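A.B. asks:
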Amino acid sequence: MVDFTPDEMMTIAASRLLTNEDVCFVGIGAPSAACNVARLTHAPDITLIYESGTLGTAPDVLPLSIGDGELCDTAVTTVSVPEMFRYWLQGGHVTVGFLGAAQIDKFGNLNTTVIGDYHNPKIRLPGGGGAPEIATSAQQVFITSKQALRGMVEAVDFYTSLGHGKGGNDREETYGVKTKGPTALITDLAVWKPDPETKEFTVVSIHKGVTRDDLQATCGWTIKYADNVEETPVPTDLELTTLRDLQARTAAAHSGK
6 MVDFTPDEMM TIAASRLLTN EDVCFVGIGA PSAACNVARL THAPDITLIY
56 ESGTLGTAPD VLPLSIGDGE LCDTAVTTVS VPEMFRYWLQ GGHVTVGFLG
106 AAQIDKFGNL NTTVIGDYHN PKIRLPGGGG APEIATSAQQ VFITSKQALR
156 GMVEAVDFYT SLGHGKGGND REETYGVKTK GPTALITDLA VWKPDPETKE
206 FTVVSIHKGV TRDDLQATCG WTIKYADNVE ETPVPTDLEL TTLRDLQART
256 AAAHSGK
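Start counting the sequence shown at 6; every next residue gets the next number (our numbering).
1. Could you tell me which whole beta strand (DSSP E) segments of length 3 or greater appear in the region 85-151?
2. I'd like the list of long-range same chain contacts for residue 215, defined as Cβ closer than 6 Å, with 5 residues on each side in sequence excluded.
3. Sort 112, 81, 245 and 135 by Cα distance to residue 43 and report the nearest one.
4. Check the DSSP bridge columns for residue 178 and list the partner residues they point to.
5. Where residue 228 and residue 221 are concerned, what is the direct C-alpha to C-alpha distance, given to the nearest angstrom?
6. For residue 5, which option in 38, 204, 39 and 170 has the closest C-alpha, if you only look at C-alpha atoms?
7. Could you please give the first and the last residue of the uninterrupted beta strand (DSSP E) stretch that includes residue 239?
8. When you compare the region 13-32 with the region 229-236, are there three or more beta-carbon pairs, one atom per stretch, that lie closer than 8 Å?
9. Would you list the residues sitting across from residue 15 in a DSSP beta bridge?
10. If the criterion is Cβ atoms closer than 8 Å, does the pair residue 45 and residue 29 meet it?
11. Near residue 180, what residues of its chain come up, given a Cβ to Cβ distance below 7 Å and the 5 sequence neighbours on each side ignored?
12. Which of helix, strand or coil does DSSP assign to residue 45?
13. Sorted by chain position, which residues of the same chain lie with C-beta nearer than 6 Å to residue 63's C-beta, five sequence neighbours on each side aside?
14. My assumption, with CB atoms under 8 Å, is that residue 203 sits in contact with residue 147. Please give the rounded CB distance.
15. At a cut of 8 Å, does the region 123-140 reach the region 98-115 through at least three beta carbon pairs?
16. Measure the alpha-carbon distance for residue 176 versus residue 185 and round it to whole angstroms.
17. Between which two residues does the alpha helix (DSSP H) harbouring residue 222 extend?
18. When DSSP labels each residue in this structure, what does residue 37 get in the three-state scheme?
19. Using three-state DSSP, classify residue 195 as helix, strand or coil.
20. Could you pull out every residue in the same chain whose Cβ sits closer than 6 Å to the Cβ of residue 161, ignoring the five residues on either side in sequence?
21. Are the Cβ atoms of residue 9 and residue 240 separated by less than 8 Å?
22. In whole angstroms, give me the CA-to-CA distance for residue 84 and residue 61.
23. For residue 197 and residue 208, which I take to be in contact (beta-carbon distance under 8 Å), what is that distance rounded to the nearest angstrom?
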């Protein structure tokens, strides 16, 4: 068995959730890696959409931003940003929104705006971009995040993108949002899914070599577990080779080689 890193396990575990039938609105970074590994392995017919308006994108390297020329060059077509959001996203055509965040709480609310007080912040983050719209308009949302106390918090400092609010039916009752919201959280240590009733993220699968103590030490709330917690299947040779080749091509392209 080939050794793998926690980041590789996270990316591959996330990629496995995608199918050929999905129309996926892709975030930059780990979400982009996961979506393209899926496209290059088990889901070649998946439709990838990036915020800049590229539809059916099939990049050979991972983009640095939504404005990367690789996205437009490899897309089936490119539409205007207003059309992308109004027709494709808000029109209900996106089956999966793939997001990351600086902070996430146990109900899947995301913060990419500010750490600390909004008016006197410790850190000013890049902001929401299209994430708030993706979080509410995509049929469901997958989240990738490395586990760390500073990122997995009891309460986010700022609601950039709505998850399940305060839990239960709060998403629909308080905010009127009827899409499913976050249905999976994939970290470098485990796979989480929301409890059907409370909507609190619950561990359903733990990656090989990770203990429950490891999980709790990197999470800011008291973790709950599914009745039958499984071990996440380790990456296959194909999955690892595909991911590593993609990352090598990306590194070479961005270094100018």
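The beta-carbon is built from N, C-alpha and C at its ideal position, and this holds for glycine as well. Source: prediction; values computed, not measured.
C.D. replies: Judging by the given coordinates:
1. 101-104, 119-121, 126-129 and 145-150
2. 194
3. 245
4. Answer by DSSP bridge pairing: none, since residue 178 is not bridged.
5. 7 Å
6. This structure gives no information on residue 5, because the portion of the chain shown stretches from 6 to 262.
7. Segment: none, residue 239 is in no beta strand (DSSP E) and carries neither H nor E.
8. no
9. Per DSSP, none; premise fails for residue 15.
10. no
11. Once the five neighbours on either side are set aside, the close Cβ partners of residue 180 are 167 and 170.
12. In the structure shown, residue 45 sits in a helix (DSSP, three-state: H, G or I).
13. 79
14. In fact, because the Cβ distance is near 19 Å, the residues do not count as touching under 8 Å.
15. yes
16. 9 Å
17. 217-222
18. In the structure shown, residue 37 sits in a helix (DSSP, three-state: H, G or I).
19. strand
20. 108, 110, 114 and 116
21. yes
22. 11 Å
23. 5 Å
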